[in-house]
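Protein sequence lines correspond, in order, to chains X and L. Just so we're aligned, residue 1389 is where the first sequence starts under the numbering used here, counting upward by one. Just so we're aligned, residue 1389 is where the second sequence starts under the numbering used here, counting upward by one. Here a beta-carbon is modelled for each residue, glycine too, at the ideal position from N, C-alpha and C. The next block holds one structure in the form of structure tokens; read it before the comments.
There are 2 protein chains.
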Amino acid sequence: MIQTDICIIGAGPVGLFAVFEAGLLKMRCHLIDVLPQVGGQLSEIYPHKPIYDIPGYPTIKAQELIDNQMLQIAPFKPTFSLGERVEHLEKQEDGSYLVTGSDGTAIHCQVVVIAGGLGCFEPRKPDVFNLSLFEKAHVHYMVKDPEKFRDKTIVIAGGGDSALDWTVFLANVAKQVTLVHRSDSFRGAPDSAEKVYELAQQGKINLLLSHNLMALEGTSALQQIRLINKAKEEVFAPADHFIPLYGLSPKLGPIAEWGLTIDKNAIEVNTFDYSTNIERIYAIGDINTYPGKLKLILSGYHEAALMCQSAFKYVYPEQKLSFKYTTVNGVNAF
Amino acid sequence: MIQTDICIIGAGPVGLFAVFEAGLLKMRCHLIDVLPQVGGQLSEIYPHKPIYDIPGYPTIKAQELIDNQMLQIAPFKPTFSLGERVEHLEKQEDGSYLVTGSDGTAIHCQVVVIAGGLGCFEPRKPDVFNLSLFEKAHVHYMVKDPEKFRDKTIVIAGGGDSALDWTVFLANVAKQVTLVHRSDSFRGAPDSAEKVYELAQQGKINLLLSHNLMALEGTSALQQIRLINKAKEEVFAPADHFIPLYGLSPKLGPIAEWGLTIDKNAIEVNTFDYSTNIERIYAIGDINTYPGKLKLILSGYHEAALMCQSAFKYVYPEQKLSFKYTTVNGVNAF
């Protein structure tokens, strides 16, 4: 049995920074993440991609940010259960929690922090015949590495920002890009839609509005996608790869059964401490929502700091919290 | 007349980061700061001090953080009026503002953002005879450079965290440290108070509780401080330097007359966009307050991001704001 003060579900940038803020207040953390390494989507999906909006870094590669955060929290000696999903949560008589993972790891803690980010969601799948047949090798619910599509023939489906942005981006990478959308107007940003219309006019992409997906077709590899237009005519779009970008839906797994208030795809929290409707359970980062919420890493950092000030009362019920600046006191580990 | 979208009062780390977030939304910024250089208290008070709680930087010197932030906002070409105080604010018929500085600079903008931080406050001065006589050379309301006090005899006054922390720190630097407090218990953190008691017991500092300051004394330089104890007896503490640490009081200057809601030393704001009670005026960073507020640079960064999302409607009233990630789109300047 692991004894800790705070059990953090999710070891992405926000979960990792919570370790730092907790450490300043002498609270120990154990992190559990379904991925085999720390860093969340930064390490899993775009480790080599530059990020531009981390304050103080004109640009930093995603993995480099995670590496730096690991150095930053090293003095506080966090412990990890990686490659393990949270299975059970059991409230103890004294108010503390027992968290159990899918490999049987048992973690006893005073406070649970959900920092599951995108990992708590799964892509919305299109309703198209033969999807499962080609899903493994030829269907991509997110663009992890654009180079995979260099000189390929691809079909993107969707009408939001992801679909528009990747259409614009991949127009310069792929051999041929077809964008399919069931409606005749886009939900995404007007200037992105503008760019897509321009590319279509210039013949640089193939734009199919008011078309519905019918079937993925091919003998062994994917070859084409069968569509149906407004006039109920069949249309065929050649495709080596199919990229449906229909957004995400929650995949909270057992967390969904804890009784947390969920608003659309996110856990509702208070803005003063990012606590959920259940005492001692907090949610920070992309998994939470509150008025004005922006899914930015830098917002998750702020949420982690305020959350720790609030969680302190459960870890040290007898102590008065006093706030200190690291510039005066430095970082005093355990 | 300078025409800009957002006029930012204060060019510290939070004001500077607001330029970045505004720039992502194609809003231009002009910054005005009473200090002769950017960076706020980081550059003015502790440029060489390491900061430990900037996410992604295990440690970074204050000036280095500011230098990096200047690089980060360079693509957005902010303009500056440095060494100038805001004097007037005039609402125009169309809702926009005309800001005038002490040197006569006129700035026309759609939105005003107060990011004045500590610069909007001044130290509380003790009521002690001869203060003004020694104020210039021998009285210090903040410790800018501890090395100034190496091998000197100093008297610190106060009962909060600043007084306690600097007493502990300077005990190893100065020749002799006397801590004077009018009460017999401290307001600061219990563990800091504990350290001070220990140092006093070990004879490493001179602790004078329940003593009141009476006068600073000396012929040309400061030589001693006259105090009075509980029994109304005179006590003399030798002193080359006097460091009264009684906290700060607001020094909002003309801003105080704008009708903003002030709570103690800070401007009250909403947590969803950090707007004040006056439309088109926002307050971010150490100058604002809201439930759960922590005076951390990283919180100011978050506040800057949410503020810009809200300010957009005044700069582009006809446009729908669409939120984009820099990882997908990069940083597109003007």
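Just the Cα atoms here: how many angstroms apart are residue i and residue j?
i: L:Glu1523; j: L:Gln1697; result: 45 angstroms
i: X:Ser1431; j: X:Gly1576; result: 27 angstroms
i: X:Ile1420; j: X:Val1402; result: 13 angstroms
i: X:Glu1472; j: L:Thr1467; result: 50 angstroms
i: L:Tyr1434; j: X:Gly1444; result: 17 angstroms
i: X:Asn1676; j: X:Ser1663; result: 10 angstroms
i: L:Pro1446; j: X:Leu1686; result: 16 angstroms
i: X:Gly1546; j: X:Ile1616; result: 15 angstroms
i: X:Met1530; j: L:Gln1457; result: 31 angstroms
i: X:Met1389; j: X:His1418; result: 12 angstroms
i: X:Pro1438; j: L:Gln1564; result: 52 angstroms
i: L:Leu1648; j: L:Gly1680; result: 20 angstroms
i: L:Asp1455; j: L:Asn1653; result: 29 angstroms
i: L:Glu1706; j: L:Asp1491; result: 35 angstroms
i: L:Ala1692; j: X:Tyr1440; result: 15 angstroms
i: X:Leu1595; j: X:Tyr1678; result: 37 angstroms
i: X:Ile1646; j: L:Ile1672; result: Sequence inspection shows Trp at residue 1646 of chain X; the Ile mentioned does not correspond to that position. Answer to the nearest angstrom: the Cα atoms are 36 angstroms apart.
i: L:Ile1650; j: X:Ser1573; result: 47 angstroms
i: L:Leu1604; j: L:Cys1395; result: 43 angstroms
i: X:Lys1513; j: X:Ile1666; result: 31 angstroms
i: L:Ile1593; j: L:His1528; result: 19 angstroms
i: L:Glu1478; j: L:Glu1452; result: 36 angstroms
i: L:Val1556; j: X:Lys1532; result: 52 angstroms
i: X:Leu1624; j: L:Tyr1704; result: The question names Leu, but residue 1624 of chain X in the sequence shown is Phe. Going from the Cα of X:Phe1624 to the Cα of L:Tyr1704 covers about 41 angstroms.
i: X:Tyr1713; j: L:Ile1442; result: 12 angstroms
i: L:Phe1517; j: L:Phe1537; result: 23 angstroms
i: L:Phe1660; j: X:Leu1470; result: 34 angstroms
i: L:Thr1493; j: L:Met1415; result: 20 angstroms
i: L:Asp1393; j: L:Lys1540; result: 50 angstroms
Can you say whether residue i is buried or exposed, counting buried as having 16 or more other CB atoms within 10 angstroms of its CB?
i: X:Asn1720; result: exposed
i: X:Asp1579; result: exposed
i: X:Ala1391; result: The question names Ala, but residue 1391 of chain X is Gln in the sequence shown. By the 10 Å Cβ count, X:Gln1391 comes out exposed.
i: X:Phe1405; result: buried
i: X:Ala1627; result: buried
i: X:Gln1498; result: buried
i: X:Gly1718; result: exposed
i: L:Ala1644; result: exposed
i: L:His1450; result: The sequence given here places Ala at residue 1450 of chain L; His does not occur at that position. Classification of L:Ala1450: buried, given that the 10 Å Cβ count is 16 or more.
i: L:Phe1464; result: buried
For the candidate residues the options, whose alpha-carbon lies nearest to that of residue i?
i: X:Ile1495; options: X:Glu1481, X:His1476, X:Lys1513 and X:Val1703; result: X:His1476
i: X:Lys1683; options: L:Ala1406, L:Lys1683, L:His1690 and L:Ser1608; result: L:His1690
i: L:Ser1608; options: L:Ala1562, L:His1526 and L:Tyr1670; result: L:His1526
i: X:Gly1591; options: X:Asn1560, X:Arg1614 and X:Arg1570; result: X:Asn1560
i: L:Pro1511; options: L:Thr1541, L:Lys1620, L:Ala1410 and L:Leu1633; result: L:Leu1633
i: L:Leu1601; options: L:Glu1621, L:Pro1642 and L:Ala1450; result: L:Glu1621
i: L:Arg1570; options: L:Ser1598, L:Ile1394, L:Asp1553 and L:Cys1417; result: L:Ser1598
i: L:Val1422; options: L:Glu1535, L:Met1695 and L:Leu1640; result: L:Leu1640
i: L:Val1487; options: L:Trp1554, L:Ile1669, L:Met1695 and L:Phe1711; result: L:Ile1669
i: X:Ala1562; options: X:Lys1583, X:Ile1631, X:Asp1515 and X:Gly1548; result: X:Ile1631
i: L:Lys1410; options: L:Gly1606, L:Ala1699, L:Phe1624 and L:Leu1587; result: Reading the sequence as shown, one finds Ala at residue 1410 of chain L and not Lys. Here the closest residue by C-alpha is L:Ala1699.
i: L:Thr1566; options: L:Val1584, L:Asp1549, L:Asp1572 and L:Pro1514; result: L:Val1584
i: X:Leu1709; options: L:Tyr1678, L:Val1703, L:Asn1658 and L:Asp1549; result: L:Asp1549
i: L:Val1426; options: L:Asp1441, L:Ile1442, L:Ala1450 and L:Ala1399; result: L:Ala1399
i: X:Leu1558; options: X:Ala1625, X:Leu1470, X:Glu1535 and X:Leu1596; result: X:Glu1535
i: X:Gln1612; options: X:Ile1666, X:Leu1519, X:Asn1665 and X:Trp1554; result: X:Leu1519
i: X:Ala1385; options: X:Lys1532, X:Gln1451 and X:Leu1412; result: Because chain X in this structure spans residues 1389 to 1722, residue 1385 of chain X falls outside the shown range and cannot be described.
i: L:Gly1483; options: L:Gln1451, L:Val1500, L:Leu1470 and L:Ile1448; result: L:Val1500
i: X:Val1474; options: X:Pro1642, X:Gly1505 and X:Val1623; result: X:Pro1642
i: L:Val1568; options: L:Arg1614, L:Gly1606 and L:Arg1538; result: L:Arg1614
i: X:Asp1674; options: X:Phe1464, X:Lys1465 and X:Gly1504; result: X:Gly1504
i: L:Asn1658; options: L:Lys1414, L:Gly1489, L:Met1695 and L:Asp1515; result: L:Met1695
Could you round the C-beta distance between residue i and residue j to whole angstroms and report it? I think they count as a contact, below 8 angstroms.
i: X:Phe1408; j: X:Gln1460; result: 6 angstroms
i: L:Ile1502; j: L:Ile1397; result: 5 angstroms
i: L:Ala1588; j: L:Leu1552; result: Wrong, their Cβ atoms sit about 12 angstroms apart, outside the cutoff.
i: L:Ile1542; j: L:His1629; result: 5 angstroms
i: L:Gln1429; j: L:Leu1506; result: 5 angstroms
*What are the residues of the segment 1665–1693 of chain L that lie near chain X, defined by any Cβ-Cβ distance shorter than 7 angstroms?*
Here the close residues are Pro1679, Gly1680, Leu1682, Leu1684, Leu1686, Ser1687, Tyr1689, His1690 and Ala1693.
*asked:* Beta carbons nearer than 8 angstroms to chain X: which residues of the segment 1414–1448 of chain L have them?
replied: Tyr1434, Lys1437, Pro1438, Ile1439, Tyr1440, Asp1441, Ile1442, Pro1443, Gly1444, Tyr1445, Pro1446 and Ile1448
*Interface positions of the segment 1450–1479 of chain X facing chain L (Cβ-Cβ less than 7 angstroms), listed along the chain*: Leu1453, Asn1456, Gln1457, Leu1459 and Gln1460
*Closer than 7 angstroms, Cβ to Cβ, to anything on chain L: give me those residues from the segment 1540–1569 of chain X, in chain order.*
Asp1549 and Asp1553
*Between the segment 1648–1659 of chain X and chain L, which residues of the former have a C-beta closer than 7 angstroms to a C-beta of the latter?*
Thr1659
*Could you run through the segment 1517–1538 of chain L and flag, in chain order, every residue whose CB is less than 8 angstroms away from some CB of chain X?*
Cβ proximity to chain X below 8 angstroms picks out nothing from the segment 1517–1538 of chain L.
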